[in-house]
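**Q** Numbering (the working numbering), first residue to last: 5 to 344.
1) Considering Cα atoms alone, identify which of 27, 92 and 17 is closest to residue 114.
2) The beta strand (DSSP E) that contains residue 260, what's its start and end?
3) Is it the case that the Cβ atoms of residue 316 and residue 289 are separated by a distance below 8 Å?
4) If you measure between the beta carbons of residue 41 and residue 106, is that distance less than 8 Å?
5) Compute the beta-carbon to beta-carbon distance between residue 217 and residue 108, rounded to the nearest angstrom, for a pair I have assumed lies under 8 Å.
6) Look up residue 278 in the DSSP assignment and say whether it is helix, strand or coil.
7) When the Cβ atoms of the stretch 6-13 are set against those of the stretch 110-127, are three or more pairs found closer than 8 Å?
8) Three or more C-beta pairs closer than 8 Å, one from the stretch 269-276 and one from the stretch 226-245: is that the case here?
9) Helix, strand or coil: which one does DSSP assign to residue 54?
10) With DSSP collapsed to three states, give me the class of residue 73.
11) Give me whichever residues DSSP pairs with residue 110 in a beta bridge.
12) Evaluate residue 281 with the Cβ neighbour count: other Cβ atoms within 10 Å of its Cβ, from every protein chain shown; 16 or more gives buried, anything less gives exposed.
13) Who are the Cβ neighbours of residue 318 in its own chain at under 6 Å, not counting the five residues just before and after it?
14) What residues are listed by DSSP as bridge partners for residue 26?
15) Between the beta-carbon of residue 298 and the beta-carbon of residue 270, is there less than 8 Å?
16) Identify the residues that DSSP records as bridge partners of residue 223: which are they?
17) If I measure Cβ to Cβ from residue 333 and keep anything under 8 Å in the same chain, skipping five residues before and after, which residues do I get?
18) Output the distance between the C-alpha atoms of residue 19 and residue 223, rounded to the nearest integer angstrom.
What follows is the structure in structure tokens.
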């Protein structure tokens with residue numbers, strides 16, 4: 005099921021052990037997929053020292069649990085330890101980052117779900133259920149109003165895996181940065197016209213405006229790079245952490261801010277009082293968030309406050325050197341991007 009699969013951020017896969025993981029980013033070691041663990045089969049629940057949500061899911065005949073918090077450094081390190089001890093094919097010691105990461109061998113994967121393909125399959129179903137019908141109608145509405153072709157949309161989440169319930173949301177993928185911006189404008193127009201209502205359970209939702217309600221159903225949408233926007237390649241750079249930092253800066257370029265990892269080009273670095281200033285040659289040019297909730301939280305010219313890890317990036321062949329800030333190092337808590 006994975007022979008012709010080229011994994012990209014947001015794809016989902018099921019392992020032969022029954023775990024369900026989401027593909028992370030666009031750089032993957034040979035024969036592996038870098039990912040984060042989302043659903044845990046009930047028979048392995050006791051192995052993981054994390055707090056679980058009360059509700060459960062079911063994939064085919066397998067009962068699944070999900071951690072209460074997926075993206076904390078504590079939980080990531082806990083997942084790493086448990087997987088290393090019990091499922092070593094899911095952990096990889098990355099020589100270019102100098103640390104272990106969750107990266108699953110392709111040989112351990114049973115099936116992959118690509119959002120674009122999942123939506124296309126749903127569109128072909130005769131006798132759709134109510135959730136499937138609402139999803140297809142929503143995509144048609146967004147597509148016709150934004151001029152983004154239906155084939156540049158996809159579906160993530162429980163509906164893509166055939167395990168949705170009445171509590172499930174419609175989780176959409178939009179392929180391509182320009183398409184994403186078109187959909188973003190369209191959603192805003194439809195909100196203004198009373199077709200949608202924005203939903204926000206926290207400040208980040210209010211900033212991103214990626215969640216709304218349509219016909220009593222919550223939906224969200226996120227960006228996935230189109231094939232011509234994937235310019236990274238595993239093993240071209242070495243990443244060396246320097247130290248934790250806190251500072252204010254100005255977003256200079258937001259053209260890659262909607263993806264995961266999200267990339268903000270920055271200027272006007274200013275250390276927060278009490279934080280040791282970075283020497284001139286080490287001032288970062290980029291803020292890169294590994295945490296999905298910081299996608300698209302700031303736009304060009306916005307002033308933001310950042311807490312993360314200063315990292316030296318070195319080209320293996322080119323010798324290029326630059327500094328960036330990583331938010332979501334998987335080591336420390338309280339790493340963030342907050343617009344001021």
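Using N, Cα and C, we set each Cβ at its ideal position, and we do this for glycine too.
**A** In short:
1) Checked all of 27, 92 and 17; the closest Cα to residue 114 is 17.
2) Per DSSP, residue 260 belongs to the beta strand (DSSP E) from 241-260.
3) Contact annotation: residue 316 and residue 289 have beta-carbon atoms that are not nearer than 8 Å.
4) The answer is yes: Cβ separation under 8 Å.
5) Incorrect: roughly 35 Å between the Cβ atoms, too far for contact.
6) Under the three-state reduction of DSSP, residue 278 is assigned to coil, being neither helix nor strand.
7) Result yes; three or more Cβ-Cβ pairs closer than 8 Å.
8) Taking a cut-off of 8 Å for Cβ pairs, the stretch 269-276 and the stretch 226-245 do not touch, as fewer than three such pairs fall below it.
9) Coil at residue 54, not helix or strand.
10) Correct three-state label for residue 73: coil.
11) Bridge partners of residue 110: none, in fact.
12) Exposed, since its Cβ has fewer than 16 Cβ neighbours within 10 Å.
13) 242 and 325, listed in sequence order.
14) For residue 26, which the question treats as bridged, DSSP gives the partners 16 and 40.
15) Cβ distance not < 8 Å, so residue 298 and residue 270 don't count as in contact.
16) Here residue 223 is bridged, per DSSP, to 174 and 216.
17) Only 77, 245, 294, 312, 313 and 339 meet the Cβ criterion.
18) Their Cα atoms are separated by approximately 27 Å.
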